[in-house]
Amino acid sequence: MEKYLSYSQEVLEAKEKGLPIVALESTIISHGMPYPQNVQTAREVEQIIRDNGAVPATIAIIGGKIKIGLTDEELEMFGNADNVAKTSRRDLGYLLATKKLGATTVAATMIAAELAGIELFVTGGIGGVHRGAETTMDISADLEELSQTNVAVVCAGAKSILDIGLTLEYLETKGVPVVGFGTDMLPAFYTRESEFTVNIRLDSAEEVADMMRAKWDLGLKGGSVIANPIPKEEALDAGFINGIIEKALVEAEEKGIKGKDVTPFLLGKVKELTEGKSLESNIALVKNNARVGAAIAVALNQNK
Ligand code: PSU
Ligand code: MN
Numbered sequence: 001m002e003k004y005l006s007y008s009q010e011v012l013e014a015k016e017k018g019l020p021i022v023a024l025e026s027t028i029i030s031h032g033m034p035y036p037q038n039v040q041t042a043r044e045v046e047q048i049i050r051d052n053g054a055v056p057a058t059i060a061i062i063g064g065k066i067k068i069g070l071t072d073e074e075l076e077m078f079g080n081a082d083n084v085a086k087t088s089r090r091d092l093g094y095l096l097a098t099k100k101l102g103a104t105t106v107a108a109t110m111i112a113a114e115l116a117g118i119e120l121f122v123t124g125g126i127g128g129v130h131r132g133a134e135t136t137m138d139i140s141a142d143l144e145e146l147s148q149t150n151v152a153v154v155c156a157g158a159k160s161i162l163d164i165g166l167t168l169e170y171l172e173t174k175g176v177p178v179v180g181f182g183t184d185m186l187p188a189f190y191t192r193e194s195e196f197t198v199n200i201r202l203d204s205a206e207e208v209a210d211m212m213r214a215k216w217d218l219g220l221k222g223g224s225v226i227a228n229p230i231p232k233e234e235a236l237d238a239g240f241i242n243g244i245i246e247k248a249l250v251e252a253e254e255k256g257i258k259g260k261d262v263t264p265f266l267l268g269k270v271k272e273l274t275e276g277k278s279l280e281s282n283i284a285l286v287k288n289n290a291r292v293g294a295a296i297a298v299a300l301n302q303n304k
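Going by the UniProt record's numbering, the first residue of the sequence shown is number 1, and it counts up by one from there.
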């Protein structure tokens with residue numbers, strides 16, 4: 001196993017000292033945001049995690065290894081190269097064997113984090129059940145991963161490019177806890193609320209850590225969705241953003257966008273149609289998740 005894992009100096013030291021570590025994904029860098037905001041955000045998110053008492057580990061596939069913790073040059077490369085594959089569970093073996101560059105999705109980052117002994121992962125948005133999935137069967141591998149891999153995932157809820165109701169049903173079937181962090185409503189990424197409630201509300205990092213520990217102590221496999229609402233000042237008007245998402249969905253349909261290209265296409269389109277406002281919100285919510293995630297990682301390190 002260790003032959004496929006490689007750690008940055010910072011993460012290696014954190015592991016030796018038993019410090020709290022927060023995993024971060026690289027698809028958000030390579031396929032979720034444009035250059036150079038992607039690299040700048042990745043750096044700032046790492047720093048927020050350090051400032052809040054944990055050690056960041058951005059994860060990606062390089063040279064036949066799963067790299068846990070990227071150097072500054074590697075972050076730059078993943079933000080700017082056009083030969084980086086979006087890497088989910090199905091792609092890991094192929095990318096390691098061929099030594100190609102891979103940016104890890106939520107699913108692949110969870111797998112890597114678990115292999116590296118990291119219990120907490122911060123991102124912006126998870127994949128889910130897409131609208132129209134009853135005919136396309138487009139359901140993100142992220143959801144299956146949440147049901148079987150032992151990593152808690154902090155995100156800003158489910159985006160309305162997805163069918164939020166079906167995504168919640170899927171998670172319920174698979175036994176994945178969906179926690180509203182300081183909220184009774186499931187946040188919808190760009191907005192603080194959706195029309196759906198969560199069934200678990202927790203108000204502190206310690207409560208989240210205790211819930212995860214109890215689940216894992218029981219031997220129950222899988223992670224959880226810790227849904228943390230975007231800060232008020234950065235949230236978009238629900239009517240405005242949902243109208244734009246509708247337009248983006250129509251265009252994706254007309255262009256015949258399929259498979260792994262759907263989510264990056266929709267994110268790019270929404271950014272274009274909001275004239276960059278969605279990107280600003282996206283950056284703000286990831287940073288907000290980094291603060292909460294670092295606190296949960298600290299608490300998980302204390303209740304081991
Ligand atoms: N949502 C975002 N930004 C992202 C993603 C989702 O707001 O960058 C990425 C994540 O890496 C997630 C992936 O795991 O998209 C889901 O892709 P798919 O829907 O193809 O499973
Ligand atoms: Mn998909």
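Note that beta-carbon positions come from the ideal geometry of N, C-alpha and C, so glycine has one too.
Treat the numbers as computed from the prediction; the structure is a model and nothing was measured.
Secondary structure in the region 216-295: the beta strand (DSSP E) runs of 3 residues or longer, each lying completely within the stretch, are 224-227 in chain order. In the three-state scheme derived from DSSP, where H, G and I count as helix and E and B as strand, V129 is classed as strand. For ligand 1, no non-hydrogen atom lies closer than 7 Å to the CB of G69. When C-alpha distances from A248 are compared across T263, L236, A238, the shortest belongs to T263. When rounded, the separation of the alpha-carbon atoms in Y35 and M77 is 10 Å. Two segments are said to touch when three or more pairs of C-beta atoms, one from each, lie closer than 8 Å; by this definition the region 86-99 does not touch the region 10-20. Per DSSP, the continuous alpha helix (DSSP H) segment holding Y94 begins and ends at 92-98. Note: L5 is bridge-paired with I66 in the DSSP secondary-structure output. Secondary structure note for A85: its beta strand (DSSP E) is the uninterrupted segment 85-87.
As for any alpha helix (DSSP H) of minimum length 4 sitting wholly inside the region 152-228, the runs are 164-173, 205-217, ordered along the chain. The continuous stretches of alpha helix (DSSP H) do not include A103, which lies in the beta strand (DSSP E) extending over residues 102-104. Residue range 21-24 is occupied by the beta strand (DSSP E) that includes I21. Annotation: the continuous alpha helix (DSSP H) that includes M77 extends over 72-80.
Here the alpha carbon of I48 sits roughly 35 Å from the alpha carbon of K258. For T149, the three-state secondary structure derived from DSSP is coil.
In its chain, beyond the 5 residues on either side, V198, R201, A227 have a beta carbon closer than 6 Å to the beta carbon of G180.
Taking 7 Å as the cut-off, one finds no heavy atom of ligand 2 near enough to the beta carbon of V11. Across the structure, E145 and E254 are spaced so that their CA atoms are roughly 30 Å apart. Within the DSSP secondary-structure output, V55 pairs in a beta bridge with I21. When Cβ pairs closer than 8 Å are counted between the two stretches, the region 162-173 is seen not to touch the region 239-248, the count staying below three. Those residues placing their Cβ nearer than 5 Å to any heavy atom of ligand 1 are, following chain order, T27, I28, G32, T105, V106, G124, G125, G127, S140, D142, K260, T263.
Its chain contains A252, I257 as the residues whose beta carbon lies nearer than 7 Å to that of F265, once the 5 sequence neighbours on both sides are disregarded; these appear in chain order. Here A60 carries a strand assignment [DSSP, helix/strand/coil].
Inclusion of I126 and V154 in the CB contact set at 8 Å is not warranted, their separation being larger than that value. In the pairwise beta carbon analysis, the region 43-63 is classified as touching the region 290-297: at least three pairs are separated by under 8 Å.
The beta carbons of I59 and E16 sit about 19 Å from each other, so the pair does not count as a contact at 8 Å. Within the DSSP bridge table, the entry for V122 names L24, V154 as partners.
P187 places its beta carbon 8 Å or farther from that of G223.
Sixteen is the threshold: when 16 or more other Cβ atoms of the shown chains lie within 10 Å of the Cβ of L267, as they do, the residue is buried. Distances from the CB of D82 to the heavy atoms of ligand 2 are all 7 Å or more. Relative to A235, the option among K159, T149, G69, V151 whose CA is nearest is K159. When the beta-carbon positions are compared, I118 and A238 stay at least 8 Å from each other.
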